[in-house]
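Worksheet: one structure, shown below.
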Amino acid sequence: MKALRWHGPEDVRLDELAIPEPSLGEVLVKIGAATTCGTDFKTFKRGHPRLIKEIPANFGHEMAGVIEKCGEGVENFQEGDRVVIGNSAPCKKCFYCKKQEFSLCEDLFFLNGAYAEYIQVPQRIVEANLHKIPSSLSFSQAALSEPLACVLHAFEKLNPQKGEQLALLGAGPMGVLFVQLAKLYGVSLVALGRDRSKLENLKNLGAKEVVSLTEDEDAVLLAKSFLNEGRGADMVIEAVGLPETWELATQLARPGGRVCFYGGCQKGSQVQLDTYALHYQELKLFGVFHHTPHYFARAVQLLSEKKICAEGLIVGEYSLGEYQKVFQKGLKSHPLKYAIIP
Ligand SMILES: [Zn+2]
Ligand SMILES: [Zn+2]
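Below you can see the structure in the form of structure tokens.
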């Protein structure tokens, strides 16, 4: 089978490998579609401290397909099942797992290798994070369960109430999903971002107002004018992952507001926060990382029921052989998402 593997910075190769044989509790999935993620383009360029553990490394983590073969002892799945594969599974034994804080698992297992013809799904994921999908859901839409699960995780931690007002920093693929979820929860949303066409896209999807961080003068003040009569947002989501936007996020919240840091910054980054706002204005700040099997299952459900329709997120379709084009374009133009159909 063909599998795209990372051999070094800007060096990925389509390697010819033997099709794996599923052993006890494992399944072999024939990939129907894999979708690209901002993380993949970053990893392509410079590697990744958690995802790249050996060289060459399997690559890609958003994937759906059909079960080709089941190993011994697999009970809940059979050959021919259409599935989406969750890319992680907690250990269910450690300190954090016992507290149901699964994204903090001390032994969180990550599965990579979506950019291939087949993937071997280990027992831990088969048991915790493999999901059947209906025939009405395409493989590329199903693959979006992964980013949607992350977004759901952040959204539910914010505990949004109907009628509340949300400020969103970031107009990328995650922004698109946040806008759709906000609509579903009856929350009105003001989006701030840099790319005008991506902001317009969010407006078309239902954002109440959009504010450009590069073109609008005093973007924070302008955004706040749309939020609770100038008081600021009930909830803020930072979906960029830069120290400067983390700082902006706290400025967009109203007194008593909740701020969710969804975008991860480079390791070692520092931010400056106004202690007056934190103390006298009682801001609530927290980070959210990744997803859990619970949010993954909910994401699959929302996509299956077409409550979230992510059609506009995929802006191009490529074969595995066109990988050079995908990564060059990905690095240059920061696309929403591409689907790779092996
Ligand atoms: Zn992803
Ligand atoms: Zn654990």
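Numbering of the sequence shown is given in this note's numbering, commencing with residue 1218 and proceeding in unit increments. Here a beta-carbon is modelled for each residue, glycine too, at the ideal position from N, C-alpha and C.
Neighbourhood of residue 1416 by C-beta distance below 7 Å, restricted to the same chain and skipping five residues each side: Only 1388, 1408, 1410, 1427 and 1429 meet the Cβ criterion.
Whole runs of the alpha helix (DSSP H) within the segment 1381-1413, excluding any shorter than 4 residues: Counting whole runs of 4 or more residues, the segment 1381-1413 contains the alpha helix (DSSP H) stretches 1390-1402.
Buried versus exposed, by CB contacts within 10 Å (16 or more), residue 1352: Residue 1352 is exposed by the Cβ-count criterion.
Straight-line CA distance for residue 1366 to residue 1393? Their backbone Cα atoms lie some 13 Å apart in a straight line.
Residues in the same chain with beta-carbon distance under 8 Å from residue 1447, minus the five sequence neighbours each way, listed in chain order, please. Here residue 1447 has 1441 as same chain residues with Cβ atoms under 8 Å from its own Cβ, once five neighbours each way along the sequence are excluded.
Rounded to the nearest angstrom, what separates residue 1485 and residue 1297 at their Cα positions? Rounded to the nearest angstrom, the two C-alpha atoms are 46 Å apart.
Cβ pair residue 1450, residue 1459 closer than 8 Å: In this structure, residue 1459 does not lie closer than 8 Å to residue 1450 by Cβ.
Residue nearest to residue 1283 in terms of C-alpha spacing, selected from 1465, 1295 and 1310: The residue from 1465, 1295 and 1310 with its alpha-carbon nearest to that of residue 1283 is 1295.
According to the neighbour-count rule (16 or more other Cβ atoms, all chains shown, within 10 Å of its Cβ), is residue 1299 buried or exposed? It is buried - the Cβ of residue 1299 has at least 16 other Cβ atoms within 10 Å.
Alpha carbon to alpha carbon, what distance is there between residue 1453 and residue 1532? C-alpha separation (whole angstroms): 27 Å.
Looking at the unbroken alpha helix (DSSP H) that takes in residue 1224, where does it start and where does it end? From DSSP, residue 1224 is part of no alpha helix (DSSP H) but of the beta strand (DSSP E) over 1219-1225.
Taking the continuous beta strand (DSSP E) assigned at residue 1477, which residues delimit it? It spans 1470-1478 - the beta strand (DSSP E) in which residue 1477 sits, taken as one unbroken run.
When you get a sec, list the residues whose CB is within less than 5 Å of any heavy atom of ligand 2, chain order please. Ordered along the chain, the selected set is 1307, 1308, 1311, 1314 and 1322.
Between the Cα of residue 1274 and the Cα atoms of 1457, 1327 and 1240, which residue gives the shortest distance? Checked all of 1457, 1327 and 1240; the closest Cα to residue 1274 is 1327.
Express the C-alpha separation of residue 1219 and residue 1238 in angstroms, rounding to a whole number. Going by the C-alpha atoms only, they are around 15 Å apart.
Where does residue 1523 fall in DSSP's three states? Residue state for residue 1523 is assigned as coil, using DSSP reduced to three classes.
I'd like the span of the beta strand (DSSP E) that includes residue 1451, first residue to last. Boundaries of the beta strand (DSSP E) around residue 1451: 1450-1455.
Whose C-beta lies closer than 7 Å to the C-beta of residue 1322 among residues of the same chain, with five residues either side of it excluded? Excluding its 5 nearest sequence neighbours in each direction, residue 1322 has C-beta neighbours in its own chain below 7 Å: 1307, 1308, 1311, 1313 and 1314, listed in chain order.
contact_flag[the segment 1340-1355, the segment 1256-1272] where n(CB pairs < 8 Å) is 3 or more: These segments do not touch.
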